[in-house]
Amino acid sequence: AAGVIQSPRHLIKEKRETATLKCYPIPRHDTVYWYQQGPGQDPQFLISFYEKMQSDKGSIPDRFSAQQFSDYHSELNMSSLELGDSALYFCASSEESRKSYNEQFFGPGTRLTVL
Amino acid sequence: DQQVKQNSPSLSVQEGRISILNCDYTNSMFDYFLWYKKYPAEGPTFLISISSIKDKNEDGRFTVFLNKSAKHLSLHIVPSQPGDSAVYFCAAKDAGGTSYGKLTFGQGTILTVHP
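First to last, the protein sequences are chains A and B.
Letter 107 of the first sequence, counting from 1, is numbered 107 in the working numbering, and no numbers are missing.
Letter 65 of the second sequence, counting from 1, is numbered 1065 in the working numbering, and no numbers are missing.
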């Protein structure tokens, strides 16, 4: 079965650079979520999109932006990178999030290292 | 403010015995709970879920119990197998307001099952 695809899997950047993370949801899934997991921490919700519109926003810095495109893939854009942005970034997708009870399926994550 | 708490960072169990992972929450708006399993370098994998209208859900070797009055849930794995060794995350969803969909995670419990 098709899973959530994230690219790249690993990314190394320097401080103040920009990075773009991509997420391709499971086919027919209309909702995408982004989470950030720092070292030794639990995943923290950043932002989500339902039918290409932002549906919820969590602890996402103003330096970050995201969008969902017409083919439902999503991109997380990160600017003015800081050392503290080094983390695992997970994308998850689900179908019809307006139903309360639906599972989110996670991608393998992108490991971002900021030097 | 940790709204979902897994107070045991690690648990060690003998193969064939029962593993019990615990989770407490503080937000009474949470009405759907999920357990995810995570291996290193992979994204969280959905295991089992329970809605707040139930107190038990069973799927094969995995059973989740929910005690709403105590704001406590637990995951039972019987019998435990070495392949179950992973990090287990408890997650909760608030289906009301504007926060539908997003998951709030606990800190995770590292389960080690010894042969």
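The beta carbon of each residue, even a glycine, is placed where N, CA and C say it ideally should be.
Item                                                                                                                                                                 : Value
Count the other CB atoms, across all protein chains shown, that sit within 10 Å of the CB of B:ASP1001; report buried if there are 16 or more and exposed otherwise. : exposed
With distances taken from CA atoms, which of A:SER55, A:PRO61, A:PHE45 and A:HIS29 is nearest A:HIS73?                                                               : A:HIS29
For B:LYS1068, which residues in chain A fall below 9 Å Cβ to Cβ?                                                                                                    : Chain A residues near B:LYS1068: none, gap ~16 Å exceeds 9 Å.
Taking the CB atoms as reference points, tell me whether B:SER1049 and A:GLU95 lie closer together than 8 Å.                                                         : no
What are the partner residues of A:MET53, as DSSP defines its beta bridges?                                                                                          : A:TYR50
Looking at A:LEU115: is its Cβ nearer than 8 Å to the Cβ of A:THR18?                                                                                                 : no
B:LEU1034 versus chain A: which residues are under 7 Å apart at the beta carbon?                                                                                     : GLU103
Should B:GLY1108 be labelled buried (16 or more other beta-carbon atoms within 10 Å of its own) or exposed?                                                          : buried
Just curious, the beta strand (DSSP E) that B:THR1104 is in, first and last residue?                                                                                 : 1103 to 1105
Between the Cα of A:ARG16 and those of A:GLY109, A:LEU88, A:MET78 and A:CYS91, spot the shortest distance and give me the residue it belongs to.                     : A:MET78
CA-CA distance, B:VAL1013 and B:PRO1079?                                                                                                                             : 10 Å
Since B:SER1019 and B:VAL1087 are thought to touch, with beta carbons under 8 Å apart, how far apart are those beta carbons, to the nearest angstrom?                : Actually they are not in contact, since the Cβ atoms of B:SER1019 and B:VAL1087 sit about 13 Å apart, beyond 8 Å.
Indicate whether at least one CB of chain A lies closer than 8 Å to the CB of B:GLN1107.                                                                             : yes
Please list the terminal residues of the continuous beta strand (DSSP E) segment that includes B:ASN1027.                                                            : Counting along the chain, B:ASN1027 falls outside any beta strand (DSSP E), and DSSP gives it neither H nor E.
Can you give the beta carbon distance from B:PRO1009 to B:ILE1110, rounded, assuming they're within the 8 Å contact cut?                                             : 7 Å
In chain B, what lies closer than 8 Å to A:TYR33 by C-beta?                                                                                                          : GLY1101, LYS1102 and LEU1103
Within its chain, find whatever has a CB closer than 6 Å to the CB of B:ASP1059; leave out the 5 residues flanking it on each side and keep chain order.             : ILE1048
Look up B:ASP1094 in the DSSP assignment and give the residues it is bridged to.                                                                                     : B:PHE1030
Determine, for B:GLY1060, whether the minimum Cβ-Cβ distance to residues of chain A falls below 8 Å.                                                                 : no
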